[in-house]
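Here's the structure, in C-alpha cells; my notes come after.
2 protein chains.
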Amino acid sequence: MHELVFIQDLATVMLVAGLTTVLFQRLRQPVVLGYIIAGLLIGPHTLPVIFIHEEQTIRTLSELGMILLLFALGLEFSLKKLRAVGGAALVAAFAEIVLMVWIGYEIGRFFAWSAMDSLFLGAMLSISSTTIIMKALEDLGLKRERFAQLMFGILIVEDLLAIVLMALLTGIASTGGVEAADAFAAVGRLGLFMAVSLVVGLLLVPRVVDYIARVSRNDVLLVAVLGICFGFCLLVTELGYSVALGAFMIGAIVAESESVARVERIIMPVRDMFSAIFFVAIGMLIDPALLMEYAWPIFIVTIAVVVGKVVTCSFGSFVAGNDGRTSLRVGMGLAQIGEFSFVIASLGLTLKVTSNFLYPVAVAVSALTTFLTPYLIRGSDPLAGFLSRHLPGRVTGVANAYTDWMGNLGLSGQGAIVMKMIRRLVWHVIINMMLVIAVFIIVAFAYRRGFLHLDLLAGQPTVKRSLAWSLAALLSLPMIVAAYRKAGALGMLLAELGIPERVGGARNFAIRSMLARIIPVMVMLILGLLVAALASTILPPREVALVIVAIGIGLTWLLWRVLVQVHARLQAALRDTLDKPGHAPEE
Amino acid sequence: MHELVFIQDLATVMLVAGLTTVLFQRLRQPVVLGYIIAGLLIGPHTLPVIFIHEEQTIRTLSELGMILLLFALGLEFSLKKLRAVGGAALVAAFAEIVLMVWIGYEIGRFFAWSAMDSLFLGAMLSISSTTIIMKALEDLGLKRERFAQLMFGILIVEDLLAIVLMALLTGIASTGGVEAADAFAAVGRLGLFMAVSLVVGLLLVPRVVDYIARVSRNDVLLVAVLGICFGFCLLVTELGYSVALGAFMIGAIVAESESVARVERIIMPVRDMFSAIFFVAIGMLIDPALLMEYAWPIFIVTIAVVVGKVVTCSFGSFVAGNDGRTSLRVGMGLAQIGEFSFVIASLGLTLKVTSNFLYPVAVAVSALTTFLTPYLIRGSDPLAGFLSRHLPGRVTGVANAYTDWMGNLGLSGQGAIVMKMIRRLVWHVIINMMLVIAVFIIVAFAYRRGFLHLDLLAGQPTVKRSLAWSLAALLSLPMIVAAYRKAGALGMLLAELGIPERVGGARNFAIRSMLARIIPVMVMLILGLLVAALASTILPPREVALVIVAIGIGLTWLLWRVLVQVHARLQAALRDTLDKPGHAPEE
Numbered sequence: 059m060h061e062l063v064f065i066q067d068l069a070t071v072m073l074v075a076g077l078t079t080v081l082f083q084r085l086r087q088p089v090v091l092g093y094i095i096a097g098l099l100i101g102p103h104t105l106p107v108i109f110i111h112e113e114q115t116i117r118t119l120s121e122l123g124m125i126l127l128l129f130a131l132g133l134e135f136s137l138k139k140l141r142a143v144g145g146a147a148l149v150a151a152f153a154e155i156v157l158m159v160w161i162g163y164e165i166g167r168f169f170a171w172s173a174m175d176s177l178f179l180g181a182m183l184s185i186s187s188t189t190i191i192m193k194a195l196e197d198l199g200l201k202r203e204r205f206a207q208l209m210f211g212i213l214i215v216e217d218l219l220a221i222v223l224m225a226l227l228t229g230i231a232s233t234g235g236v237e238a239a240d241a242f243a244a245v246g247r248l249g250l251f252m253a254v255s256l257v258v259g260l261l262l263v264p265r266v267v268d269y270i271a272r273v274s275r276n277d278v279l280l281v282a283v284l285g286i287c288f289g290f291c292l293l294v295t296e297l298g299y300s301v302a303l304g305a306f307m308i309g310a311i312v313a314e315s316e317s318v319a320r321v322e323r324i325i326m327p328v329r330d331m332f333s334a335i336f337f338v339a340i341g342m343l344i345d346p347a348l349l350m351e352y353a354w355p356i357f358i359v360t361i362a363v364v365v366g367k368v369v370t371c372s373f374g375s376f377v378a379g380n381d382g383r384t385s386l387r388v389g390m391g392l393a394q395i396g397e398f399s400f401v402i403a404s405l406g407l408t409l410k411v412t413s414n415f416l417y418p419v420a421v422a423v424s425a426l427t428t429f430l431t432p433y434l435i436r437g438s439d440p441l442a443g444f445l446s447r448h449l450p451g452r453v454t455g456v457a458n459a460y461t462d463w464m465g466n467l468g469l470s471g472q473g474a475i476v477m478k479m480i481r482r483l484v485w486h487v488i489i490n491m492m493l494v495i496a497v498f499i500i501v502a503f504a505y506r507r508g509f510l511h512l513d514l515l516a517g518q519p520t521v522k523r524s525l526a527w528s529l530a531a532l533l534s535l536p537m538i539v540a541a542y543r544k545a546g547a548l549g550m551l552l553a554e555l556g557i558p559e560r561v562g563g564a565r566n567f568a569i570r571s572m573l574a575r576i577i578p579v580m581v582m583l584i585l586g587l588l589v590a591a592l593a594s595t596i597l598p599p600r601e602v603a604l605v606i607v608a609i610g611i612g613l614t615w616l617l618w619r620v621l622v623q624v625h626a627r628l629q630a631a632l633r634d635t636l637d638k639p640g641h642a643p644e645e
Numbered sequence: 059m060h061e062l063v064f065i066q067d068l069a070t071v072m073l074v075a076g077l078t079t080v081l082f083q084r085l086r087q088p089v090v091l092g093y094i095i096a097g098l099l100i101g102p103h104t105l106p107v108i109f110i111h112e113e114q115t116i117r118t119l120s121e122l123g124m125i126l127l128l129f130a131l132g133l134e135f136s137l138k139k140l141r142a143v144g145g146a147a148l149v150a151a152f153a154e155i156v157l158m159v160w161i162g163y164e165i166g167r168f169f170a171w172s173a174m175d176s177l178f179l180g181a182m183l184s185i186s187s188t189t190i191i192m193k194a195l196e197d198l199g200l201k202r203e204r205f206a207q208l209m210f211g212i213l214i215v216e217d218l219l220a221i222v223l224m225a226l227l228t229g230i231a232s233t234g235g236v237e238a239a240d241a242f243a244a245v246g247r248l249g250l251f252m253a254v255s256l257v258v259g260l261l262l263v264p265r266v267v268d269y270i271a272r273v274s275r276n277d278v279l280l281v282a283v284l285g286i287c288f289g290f291c292l293l294v295t296e297l298g299y300s301v302a303l304g305a306f307m308i309g310a311i312v313a314e315s316e317s318v319a320r321v322e323r324i325i326m327p328v329r330d331m332f333s334a335i336f337f338v339a340i341g342m343l344i345d346p347a348l349l350m351e352y353a354w355p356i357f358i359v360t361i362a363v364v365v366g367k368v369v370t371c372s373f374g375s376f377v378a379g380n381d382g383r384t385s386l387r388v389g390m391g392l393a394q395i396g397e398f399s400f401v402i403a404s405l406g407l408t409l410k411v412t413s414n415f416l417y418p419v420a421v422a423v424s425a426l427t428t429f430l431t432p433y434l435i436r437g438s439d440p441l442a443g444f445l446s447r448h449l450p451g452r453v454t455g456v457a458n459a460y461t462d463w464m465g466n467l468g469l470s471g472q473g474a475i476v477m478k479m480i481r482r483l484v485w486h487v488i489i490n491m492m493l494v495i496a497v498f499i500i501v502a503f504a505y506r507r508g509f510l511h512l513d514l515l516a517g518q519p520t521v522k523r524s525l526a527w528s529l530a531a532l533l534s535l536p537m538i539v540a541a542y543r544k545a546g547a548l549g550m551l552l553a554e555l556g557i558p559e560r561v562g563g564a565r566n567f568a569i570r571s572m573l574a575r576i577i578p579v580m581v582m583l584i585l586g587l588l589v590a591a592l593a594s595t596i597l598p599p600r601e602v603a604l605v606i607v608a609i610g611i612g613l614t615w616l617l618w619r620v621l622v623q624v625h626a627r628l629q630a631a632l633r634d635t636l637d638k639p640g641h642a643p644e645e
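Residue numbers (my numbering), protein chains in the order written: chain X, 59 to 645; chain B, 59 to 645.
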C-alpha cells in the first residue's frame, strides 16, 4: 500500500503540474510559474482537500530536484566561458550582489524582522534567475545580441558568487554572528577546498566520464554520472558545505569532459522531472493567508528588486565600461529572482535560522518579478532612448567620456603580453602553494582519524608525527619545486621590468639575479609558515623538522629533474582537460 | 538529515551500479546482470556492512522503475506491429507460455513447494526477456535477420499474454482456487476493461499528447506524459488490476500519438535511472546463503528454462509454419527469463501468496540464462546444420513437407479478400457489443455509487432505475445501430457465400434476405441478454423495460441517419489514430 500512496502523490503532482504548465506555456508565461501555481493548488493550505498524503516523500524528491538543477547549471557553466567573460561581468555582478544584499537587509530591518531573516532576505534578492532570463530572451529572439552575451557573463559570475554567499551564510548561521576574521577564514577554507577539488576533480573526473562514455550505452553513462554527482555531494556535505555547492561544482567539473553534450542530453529529462517536483514543492509551501498577511512587504520587496536590480546592474555594467544603452538593457533584464533564491530560502529553513514566512514571501516576489521580466526586457530599449533624449547634455557627455576612457584603458602591445605572463605566473605560484597546503591538511586529517595506520611502524607520537609530516612533504615535493621555479621565473620577469637596462649599469645583472632569488625564497618562507600553522597536528619537534627539511632539500637537489617532470606531466594533464577542441593551447 | 540519508543511499546505489555495469559492459555481458550484482553487493545479506539505511525508500523508487520499464515497453509495443506479425507469433507464443507454465508448475510440485509457489514459478518461466534479447542481437549484429523479426513478434505477443497471465494470477491468488468459471469471468472482465480503455484511450490520449507536444517544451511534455502514465496506473489499480498492466497499456496507447519518438527520447533517461534502481533492488533481495541452500532447484530450473524454451519455442514456430532451421534459431534465442519474471515475482510477494525463496531463485535463474543467451544464439546455426545432417532422412522429409504444406495453406485470390472482409465485420460487431455493455456497466456503477444524482429527479427506486437504464440505452444507441448494421452486412455476405447462385433458384433472393435478417436479430438478442445480466442493478421492471425498448426503437427509426453519422465520426477518429503516415487506410 505504501508504494501506491507514493504513486498517487506523484500522479497528482505530475497531472496538476502538467495541466498548469501547458496552460502557462499557452499564455507565453514562464513554465516555472505554472509549477509553483500547481504546488499552490495541491498544497495543504489552499483547498480544503488533501491531495498529497506523504509530503515527506515529495520533499525528499524535491531535494533531489535541487541537486539536479544545480548540477545541470554547473554542466552549462564551463570554466572556459568564465575565462572569456573576463572582468566586466565580475565587476557588474559583484556590485549588484553587494548592493542587493544591503538593500534586502535594510528592508528586513525596516519591517523589524530578525537580523538573520533580513540577511537571508538580502541574499535571496541578490541572485537573478538564469533559467527565467534564458527563456525570456529565447521567446523574444534576443539571445544573440551583445547585451545578452554580457548578461550571460554576469549570470555565470552570479552563480559562482551565490555559491560563495551560501557558504558564508552557512558559516554565519552556525557561528551565530558576523565576525570579520571568521568570515575571512571561512572564505579562505572554502577557496582552498574549491581550488583543490577543482584541480583533483579536473584531473580525474572528465577522464573517467569520457572513458565510461566511450565504452557504455546511455543508461550506464547516466547511472555512472548520477553516482559521481551524488557521491561528490555527499563528500561536500561531510566537509560541512551545502549540497548545492557540491552539485554545482561537480557539474562544472563534468562539463570539462569531451562527452559533455551527451551527458547533458541524457541528464536533462531526469532534471526536468525532479526540478518540476522541486518547484511544485515550493508552491506547496505557500499559504495564501500568509501572503495576504505579508502583502505589504511583498509589494515593497518586489519594487526593491525591480528598481534595485535595474539600478545596481546598470551601474555595475556601466562602471565596467559599457555604454549607457547596453548597461540599461542588462540591468532591466536581470531584474528578477528565481531558483537560487529558493535554494537560499531552503538553506535558511534547513539551518533553522529563518522564520517560516520568508520562503512564501520569496516565492511571491519571484512570481511577480518573473511575470514582469519579458515586459522589462522589451521596454528597456525605448527607455534608453527616452533617457538619452531627456537627460541633461552634461550628464550624457560625462558618461560617454567615461565609456570611451574605459575602452582605451586596456593595455596593448608588448605591455599586455608581459602583464598576461605575470598574471599567469602568479596564478601558478598560488595554485601550487594551495595544493601543497592541501596535501598537508589532508595528511593531518588522515593522521588524526588514524587512517594512516602508523601504529604498525612506530609507537611514540613524536615518531608517528614525524613520519606523517615526512609523507606530506614527500607527496608535495613536485608542487613545492614547481612553486619555487615559477616564483623564480616571476622574480626574473619582475626584475627585468623593474630595472631597465640604463639603470644599474654593470651591477645590473647582479641586482636582477638578487631580485630573482628573493621572490622564490619569500614564497618558500610564506609556504613554510602556512604549512606549520595549518597542519600543526602533525608538526614534529623543531629539531626533527629541520632534519626532515634538510633531507627534503637534499632529495630535491638529487631528484630535481624527476620532480619537474612529474609536475609537468600533471600540469599537462590538467591543461588537456581544459583545452579541448576549439581552444588554442596556452604557453 | 532525512534528505541526506536518502541522498546517501541513492549515491551508493548509483556509484556501485555504475562501477559494476561499466565492468559488465566492458566484458560484453548484459548490463542488467551488472545492476543485479550491484544490488547483491550492497544488499543486507552479503557483506557485513550496512550500505543502505532506508531500504523502504529505495523499494518505493524501484516500484516507480517497474512502472516506467513497462511504460517504455508499451511505448515500443505498437498495435500496428502486432497486426503485422499475425498468427505465426501468436501460435508460437501461446504454445510456449502454456507449456512453460506447466513445466514450471511440475518442477515446483516435484520439489514439494506449495501449489501457489509452483504456479508462480511456472508463470515466471513462461515469459522471455525483450531487453536481454534486444541487447544480445544488437551485439551479435543479427537484428535484421528473418528469425530476429519472428522473435520480436513472439516477444510482443508474449508481453501481451504476460499481462493477461498476471491478471489471471491476481484473480487466482485472491480467490484462492482455480475455478474454470471464475477464470473465464476474470479473462472476460479483463478483456472488456482492456477493450474499453483501449478504445476510449485511443480516442483521447494520443490527441492530448500531440497537442501538448505541439505547444510545449520537453520538460512540460515529460511532466504531462508522466502525469498521464501515473494517473492511468492509479485508475487501473483502483479497479483491482496490477499497476504493471496499467503502465503497459497506457504506454501502448501513448505509442499511437504522432510525437511518440519525442516522448520516447525524453522518457528513456528517466526510465534508465529508475529501472537501474529496480534491478539493484532486485539484487538486494538476494541472500547468498539462500542461493546455496536452493542451488539444486536453481540448477534444475535453469536446465528446464533452457531446454524447455528451446523445445517449446522451436516447436511453436515450426507448427506456425516456419522451416526447421529458423524455428531452432528462434527457440534458442528465447531461452531466458528476465524483467517480466521479476514483475511476476514481486506480484506474488505483494499479494503475499508466494514464499520468500521464490524471488531469489527467479533472479538466479534469470542471471544464469541471461549469461547463456549470446552463446545459445551463436550456437543455433551450427546446431541446426548438425541436426539436418544427422537426423534420419524420414524425419527431415516429413518436416519439410509440413512446412511446404503450411506455406501453401494461406487462402489466395478472391477467397482471401472475402475472408478478410468477414473477419473485419465480426470484429466490428464484437467491439460495438463490448462498448454497449461497457456503457451499461459504467452507468450501473455510477448509479450504485450515487454519482448520477437522480434523487433530484425522482424518489422511487423503480423510476430512478428506469431513468438510469434509459440513459445507458440512449448513450449506447450509436453503437447498437452500428452493431446491427455490421451484423446485417455480415449476414448478407455469409448468405452470398453459403448459397451459390445455382442452388435455390427463384427463392434464392428470399432465402438470402432471410439469412441477412436472422444474424443481426440474433446479435441484438445476445446483446440484450448480456446487458440484462451484467447491468441487473439498473434493470427496470419488465413492462417499463419493454416501453423503453419500444421508445428506443422508435427513436432509432427517427434518428437512424444521425446515429449512423455519430458512429462513423467516432470510428473515423479512432482510425485516424491508428493509421498514421506509412499506413494505408483501411476499408
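Beta carbons are placed, not taken as given, at the ideal position from N, Cα and C, and that holds for glycine.
Item	Value
Kindly list, in the order they appear in chain B, the residues whose Cβ is closer than 7 Å to that of residue 84 of chain X.	273
Does the region 62-70 of chain X come into contact with the region 281-295 of chain B, if we say contact requires no fewer than three beta-carbon pairs (one atom in each stretch) closer than 8 Å?	yes
Beta-carbon within less than 6 Å of residue 625 of chain B's beta-carbon, same chain only, minus the 5 sequence neighbours each way: which residues are those?	536 and 540
Taking only three categories from DSSP, how would you classify residue 56 of chain X?	In the structure as shown, chain X starts at 59 and stops at 645, and residue 56 of chain X therefore has no counterpart that could be examined.
CA-CA distance, residue 461 of chain X and residue 436 of chain X?	24 Å
Quick one: Cα of residue 549 of chain X to Cα of residue 263 of chain X, how far?	35 Å
With distance defined between alpha-carbon atoms, name the residue in X:506, X:365, X:428 and X:443 nearest to residue 381 of chain X.	X:443
Does any CB atom of chain B fall closer than 8 Å to the CB of residue 224 of chain X?	no
Run down chain B in chain order and give the residues with a C-beta less than 9 Å from the C-beta of residue 268 of chain X.	By Cβ distance, chain B contributes nothing, its closest Cβ being about 12 Å from residue 268 of chain X, past 9 Å.
Name, going along the chain, the residues of the region 308-332 of chain B whose beta-carbon falls closer than 9 Å to a beta-carbon of chain X.	323, 324, 325, 326, 327, 328, 329, 330 and 331
State buried or exposed for residue 607 of chain B, treating a residue as buried only when at least 16 other CB atoms are found within 10 Å of its CB.	exposed
When you compare only the Cα positions, how much space is there between residue 641 of chain B and residue 317 of chain B?	Interpretation of residue 641 of chain B is limited by its pLDDT of 38, a score under 50 that renders its predicted location unreliable; the figure taken from the coordinates is listed afterwards. Going from the Cα of residue 641 of chain B to the Cα of residue 317 of chain B covers about 16 Å.
Are residue 146 of chain B and residue 379 of chain B closer than 8 Å when you measure CB to CB?	yes
Would residue 101 of chain X pass as an interface residue toward chain B - the criterion being a Cβ-Cβ separation below 8 Å?	no
Can you list, in chain order, the residues of its chain with a C-beta nearer than 8 Å to that of residue 655 of chain X? Leave out the 5 residues immediately preceding and following it.	Here chain X has residues from 59 to 645 only, and residue 655 of chain X is not among them.
Assuming residue 394 of chain X contacts residue 190 of chain X (C-beta within less than 8 Å), just tell me the rounded distance between them.	6 Å
Look at the alpha carbon of residue 157 of chain B and the alpha carbon of residue 372 of chain B, and state the distance between them as a whole number of angstroms.	12 Å
Count the other C-beta atoms from every protein chain shown that fall within 10 angstroms of the C-beta of residue 447 of chain B, then say buried if there are 16 or more, exposed otherwise.	exposed
Around the Cβ of residue 645 of chain B, are there at least 16 other Cβ atoms within 10 angstroms (buried) or fewer (exposed)?	At residue 645 of chain B the pLDDT is 34, less than 50, meaning the model places this residue with poor confidence; the figure from the coordinates comes in the next sentence. Exposed, because fewer than 16 other Cβ atoms sit within 10 Å of the Cβ of residue 645 of chain B.
Short check: CB of residue 423 of chain X to CB of residue 328 of chain X, under 8 Å?	no
Helix, strand or coil: how does DSSP classify residue 93 of chain B here?	helix
Could you check which residue in B:589, B:614, B:616 and B:615 has the C-alpha nearest to that of residue 603 of chain B?	B:589
Hey, quick one: how far does the alpha helix (DSSP H) through residue 448 of chain X stretch, first residue to last?	416-448
Run through DSSP, which three-state label would residue 520 of chain B get?	helix
For the structure I just gave you, are there three or more beta carbon pairs, one from the region 520-534 of chain X and one from the region 489-501 of chain X, closer than 8 Å?	yes
Step through the CB atoms of chain X and report whether any lies within less than 8 Å of the CB of residue 65 of chain B.	yes
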